[in-house]
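Engineer: Sharing a structure, written as structure tokens. Questions coming.
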Amino acid sequence: MGYPIKTLSQLRPILLGFRKEAGLTQAAIAQKLGITQQSYAALEANPEAASFERVFKVLRLLDVNIRLVSATQTTDQRLDLPSKSRHSVPTKASRAAKTGVFTEKGTSAATQAAPSKKLFAASEAPKQLKEKTASTPPKRVNTAVKKRGDW
2 MGYPIKTLSQ LRPILLGFRK EAGLTQAAIA QKLGITQQSY AALEANPEAA SFERVFKVLR
62 LLDVNIRLVS ATQTTDQRLD LPSKSRHSVP TKASRAAKTG VFTEKGTSAA TQAAPSKKLF
122 AASEAPKQLK EKTASTPPKR VNTAVKKRGD W
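Numbering (the numbering used here), first residue to last: 2 to 152.
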């Protein structure tokens, strides 16, 4: 299974998950890397601070492949899967019934059965927001620049 990483904070749970999936302890990985368990624990706790080379060595030890893919490619191209092999995408009506997402008329399929509740159309919400923000401009706070003596 592929795990797209968009932020460095996602590395920690991924490293932890692959280590546990392999059935290895921190001490076992540390021994294979030739470092102490405490050193590996520090790397696993904060992989953002580790060099790419160190993280790469750990991933190779865990038998994990790294694949770099352009963000502009579609999901099917990134996964190299034909679109038919993926789960079918729900239609607008079924998605609205399950999630309560508004349709073009401003009500979801789930709320169309209960006409007593007044719902705003999807196009009305931005107008209301614009009206509220237009009447109250943001306030600026002027502060004096502080001199720092330690520079």
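Glycine included, C-beta positions come from ideal geometry on N, C-alpha and C. If you're wondering where the values come from, they're calculated on a predicted model, not measured in any experiment.
Determine, using beta carbons only, whether Leu-62 and Ile-30 come nearer to each other than 8 angstroms.
Structural biologist: For Leu-62 and Ile-30, yes; Cβs fall inside 8 angstroms.
Engineer: Using 8 angstroms for Cβ pairs, my map puts Lys-58 next to Leu-34. What's the rounded Cβ distance?
Structural biologist: Indeed, because the Cβ distance is near 7 angstroms, the residues count as touching under 8 angstroms.
Engineer: What did DSSP end up calling Ser-52 once you bin it into helix, strand or coil?
Structural biologist: Residue state, collapsed to three classes: coil.
Engineer: What's the C-alpha gap between Ala-51 and Leu-44?
Structural biologist: C-alpha separation (whole angstroms): 6 angstroms.
Engineer: Under 7 angstroms from any heavy atom of the ligand SAH, does the C-beta of Ile-15 make it?
Structural biologist: The ligand SAH is absent from the structure shown, which contains no ligands of any kind.
Engineer: What is the DSSP secondary structure of Val-70, counted as helix, strand or coil?
Structural biologist: If DSSP states are grouped into helix, strand and coil, Val-70 belongs with coil.
Engineer: In terms of residue numbering, what span does the alpha helix (DSSP H) encompassing Gln-32 cover?
Structural biologist: Start and end: 27–34.
Engineer: Which of the three DSSP states is assigned to Gly-18 in this structure?
Structural biologist: Reduced to three states, the DSSP call for Gly-18 is helix.
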